[in-house]
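**Student:**
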Amino acid sequence: MKGLLIKIIHFFSWASLMVTFVFVCAWVEYDFNLNPSTKSDNLGFYWITGAFVYPLIRFIWQLITTKKAPYEPEIDTLSLQKESSRLEREKKIEKENQLKEQQLLLYKQQYHDVNLAFQNSEVSKKLLLSKLENINKKIQLTEENIIELSSQLKSIGNRHSLLNDIIGGSGKLSGYKRKMTKLQKSSQEISCLLVKD
Amino acid sequence: MFFKRKNVFPTKEKILVVEKLITTDTSFRQLAKVHNIKESELSRWYQVYRYGIEQNLENQSKRRLIPLVTNSSNLPDDTFILFLNTDISELTGSFTALFHNEIDTLEFCKGKGAMIIDGDESILFDIKDTLQSLCPDLNDGHIVFAQIKDIELASII
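Protein sequence lines correspond, in order, to chains G and R.
Residues 6 to 202 (my numbering) are what the first sequence spells out, left to right.
Residues 2 to 158 (my numbering) are what the second sequence spells out, left to right.
#1: Rounding to the nearest angstrom, what Cα-Cα distance links I54 of chain R and F50 of chain G in this structure?
#2: Can you find the residues in the same chain that come closer than 7 Å, C-beta to C-beta, to R30 of chain R, ignoring five residues on each side of it along the sequence?
#3: In chain order, what are the residue ranges of uninterrupted alpha helix (DSSP H) at least 4 long that sit wholly in the region 105–167 of chain G?
#4: What residues from chain G crowd round F10 of chain R, counting only those whose CB sits closer than 9 Å?
#5: Below 8 Å, how does it come out for the region 34–47 of chain G and the region 79–90 of chain G: are there three or more Cβ pairs, yes or no?
#6: Taking only beta-carbon atoms, is K87 of chain G less than 9 Å away from chain R?
#7: Any idea what DSSP makes of Q61 of chain R, helix, strand or coil?
#8: From the DSSP output, in three-state form, read off E77 of chain G for me.
#9: So, under 8 Å CB-CB, L125 of chain R and F96 of chain R are touching, yes? Tell me the CB distance rounded to an integer number of Å.
#10: With a threshold of 9 Å between beta carbons, is S84 of chain G in contact with chain R?
#11: Rounded to whole angstroms, how far is the Cβ of G114 of chain R from the Cβ of F84 of chain R, which I believe are closer than 8 Å?
#12: If you count every other CB in all the chains shown that lies within 10 Å of the CB of D105 of chain R, and 16 or more means buried, which is it?
#13: So, using beta-carbon positions, are L22 of chain R and L43 of chain R closer together than 9 Å?
#14: For E88 of chain G, is the classification buried or exposed, using 16 other Cβ atoms within 10 angstroms of its Cβ as the cut-off for buried?
#15: With DSSP run on the structure shown, which of helix, strand or coil describes M23 of chain G?
#16: Give the residues of chain G in contact with F146 of chain R, contact being defined as C-beta atoms less than 7 Å apart.
#17: Give a yes or no on whether the minimum CB-CB distance between Y52 of chain R and chain G is below 9 Å.
#18: Tell me the residue span of the alpha helix (DSSP H) that contains V70 of chain R.
#19: Whole angstroms are fine: how far does the CA of R51 of chain R sit from the CA of T25 of chain R?
#20: Counting only Cβ-Cβ distances shorter than 7 Å, please list the residues of the region 56–81 of chain R near chain G, keeping chain order.
#21: To the nearest angstrom, report how far apart K182 of chain G and L154 of chain G are at their CA atoms.
#22: If you follow the beta strand (DSSP E) that F81 of chain R is in, where does it begin and where does it stop?
#23: Alpha carbon to alpha carbon, what distance is there between L99 of chain R and H153 of chain R?
#24: So with Cβ pairs under 9 Å, would you call Q48 of chain R a contact of chain G?
#25: In three-state DSSP terms, what is A115 of chain R?
#26: Expressed to the nearest angstrom, what Euclidean distance is found between the alpha-carbon atoms of L66 of chain R and K150 of chain R?
#27: Which of the three DSSP states is assigned to I69 of chain G in this structure?
#28: Does DSSP put L139 of chain R in a helix, a strand or coil?
#29: Counting only Cβ-Cβ distances shorter than 9 Å, please list the residues of the region 12–23 of chain R near chain G, keeping chain order.
#30: Contact defined as beta carbons within less than 8 Å: I believe M116 of chain R pairs with I89 of chain R. What is the distance between those atoms, to the nearest angstrom?
#31: Quick one, are the C-beta atoms of R91 of chain G and E59 of chain R less than 9 Å apart?
#32: Would you report the Cα separation of D118 of chain G and K131 of chain G, rounded to the nearest angstrom?
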């Protein structure tokens, strides 16, 4: 509503100024003595020029009011405050960013260390696994050797028992031989006795 | 054609303009020219909205303040408030006429209570002038303008 009212006021100001301008121009042209029966040849030009008078006045007025704004020291103080707080804030942000970068570097270093330790542990794990494998192979070899040894021991045991049997058999044979010689001797003695008899 | 139309800014746009002013090295004059407003108008916006904007930019936690009104439950977020950034509890007597009771006055003077402003930005400056006339020791830095959304509402124990 207020805007519409302002527009209407502007329109009437513009129209009245245009009419006044045309009237004044014609009045000056006819040496301050207007005669309604005669029509000026420049009337069209006056109307066109008159239409631009009001906007031109407003434009000039606006230029004057904006360029000659009163000096306000408060704004200078606020500008200084604003700039100092902005610089402080930027410094703070820069400091925070530096701190973040340092932390990031630290985290990277820690990650690298952990990664290295992990890789080292992987290597030692592999080494340990290969050692275990070697030990396992050796155990298997030892087991095979033990099996072989036990079979050898068995065969030795068999041989030993055979030898024992053989040794035991020869003992009996010598006993038989001794008994035989004794029997031969006694038979010789008997035969001798028989012969004597 | 020959003149610019005077702009009418809603609060959100005012805040955006002040945010631009605060975060960039643009001067008051440049920004006022860009937005076709007076420098004095922009400086007023700056004083009113800077607290909330700077708080957001610096990720600060909201200040806990007691709203010094009888009913604070239905206050809109964009309601203007005014509080002190200093403790002048020894000068409580100067402000008794502005509050309902002595407790409210004391909380305000301690900087723990916020005065609720019903109206536009210009009232904030009127109250600021009143406060400075009642207590000349108060300078511009001691009086803070903000909005309800910029603080955490507390209640009187």
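Note that the Cβ used here is the ideal one computed from N, Cα and C, for glycine as well.
Please read all numbers here as calculations on a predicted model, not as lab measurements.
**Tutor:** Reading from the atomic positions:
#1: Numbered from its first residue, the second sequence carries residue 54 of chain R at position 53. Numbered from its first residue, the first sequence carries residue 50 of chain G at position 45. Approximately 56 Å between the Cα atoms of the pair.
#2: Here the question's residue 30 of chain R lines up with position 29 in the second sequence. Closer than 7 Å at the Cβ level, and outside the excluded window around R30 of chain R, lie E40.
#3: Runs found: none.
#4: If you number the second sequence from 1, residue 10 of chain R lands on position 9. What F10 of chain R touches in chain G: nothing, since even the nearest Cβ is about 15 Å away.
#5: no
#6: Taking the first residue of the first sequence as position 1, residue 87 of chain G is located at position 82. Cβ-Cβ to chain R under 9 Å: yes for K87 of chain G.
#7: Looking up residue 61 of chain R in the second sequence gives position 60. Taken through DSSP and simplified to helix, strand or coil, Q61 of chain R comes out as coil.
#8: As a first step, residue 77 of chain G is located in the first sequence; it is residue number 72 there, counting from the start. It is coil, neither helix nor strand.
#9: The residue you call residue 125 of chain R lines up with position 124 of the second sequence. The residue you call residue 96 of chain R lines up with position 95 of the second sequence. In fact, because the Cβ distance is near 16 Å, the residues do not count as touching under 8 Å.
#10: Residue mapping note: residue 84 of chain G aligns to position 79 of the first sequence, counting from 1. With a threshold of 9 Å between beta carbons, S84 of chain G makes contact with chain R.
#11: Residue 114 of chain R sits at position 113 when you count from the first residue of the second sequence. Residue 84 of chain R sits at position 83 when you count from the first residue of the second sequence. Rounded, the Cβ-Cβ distance is 7 Å, consistent with contact.
#12: As a position in the second sequence, residue 105 of chain R is number 104, starting the count at 1. Buried: at least 16 other Cβ atoms inside 10 Å.
#13: If you number the second sequence from 1, residue 22 of chain R lands on position 21. If you number the second sequence from 1, residue 43 of chain R lands on position 42. Yes, these two residues count as a Cβ contact at 9 Å.
#14: Against the first sequence, residue 88 of chain G aligns to sequence position 83. E88 of chain G is exposed by the Cβ-count criterion.
#15: As a position in the first sequence, residue 23 of chain G is number 18, starting the count at 1. Three-state result, M23 of chain G: helix.
#16: Sequence index remark: in the second sequence, residue 146 of chain R carries index 145 (1-based). In chain order: nothing, as chain G lies at least about 13 Å away.
#17: Walking along the second sequence from the start, residue 52 of chain R turns up at place 51. Output row for Y52 of chain R: interface = no.
#18: Reading the second sequence from its first residue, position 69 is the one you call residue 70 of chain R. Careful: V70 of chain R lies outside any alpha helix (DSSP H) and carries neither H nor E.
#19: Here residue 25 of chain R refers to the residue found at position 24 when the second sequence is read from its first residue. Here residue 51 of chain R refers to the residue found at position 50 when the second sequence is read from its first residue. Whole-angstrom Cα-Cα distance: 13 Å.
#20: Near chain G, meaning a CB-to-CB distance below 7 Å, the residues of the region 56–81 of chain R are L58, E59.
#21: Here residue 182 of chain G refers to the residue found at position 177 of the first sequence. Here residue 154 of chain G refers to the residue found at position 149 of the first sequence. Roughly 41 Å separates the two Cα atoms.
#22: Translated into the one-based positions of the second sequence, residue 81 of chain R becomes position 80. 81–85 is the extent of the beta strand (DSSP E) around F81 of chain R.
#23: Numbered from 1 along the second sequence, position 152 holds the residue referred to as residue 153 of chain R. Numbered from 1 along the second sequence, position 98 holds the residue referred to as residue 99 of chain R. According to the sequence provided, residue 153 of chain R is Glu. The question's His does not apply to it. Their Cα atoms are separated by approximately 23 Å.
#24: Reading the second sequence from its first residue, position 47 is the one you call residue 48 of chain R. Yes, Q48 of chain R counts as interfacial toward chain G.
#25: Translated into the one-based positions of the second sequence, residue 115 of chain R becomes position 114. Of the three classes helix, strand and coil, the one that applies to A115 of chain R here is strand, per DSSP.
#26: Taking the second sequence and counting its residues from 1, one reaches residue 66 of chain R at position 65. Taking the second sequence and counting its residues from 1, one reaches residue 150 of chain R at position 149. Between the alpha carbons of L66 of chain R and K150 of chain R lies a gap of roughly 12 Å.
#27: Residue numbering aside, residue 69 of chain G sits at position 64 when the first sequence is read from its first letter. It is helical.
#28: Counted from its first residue, the second sequence places residue 139 of chain R at position 138. It is coil, neither helix nor strand.
#29: L22, I23
#30: Counting from one through the second sequence, the residue named residue 116 of chain R turns up at place 115. Counting from one through the second sequence, the residue named residue 89 of chain R turns up at place 88. About 14 Å; that fails the 8 Å criterion.
#31: As a position in the first sequence, residue 91 of chain G is number 86, starting the count at 1. As a position in the second sequence, residue 59 of chain R is number 58, starting the count at 1. Contact flag unset, no.
#32: The sequence position of residue 118 of chain G within the first sequence is 113, counting from 1. The sequence position of residue 131 of chain G within the first sequence is 126, counting from 1. The straight-line gap separating the alpha-carbon atoms of D118 of chain G and K131 of chain G is approximately 20 Å.
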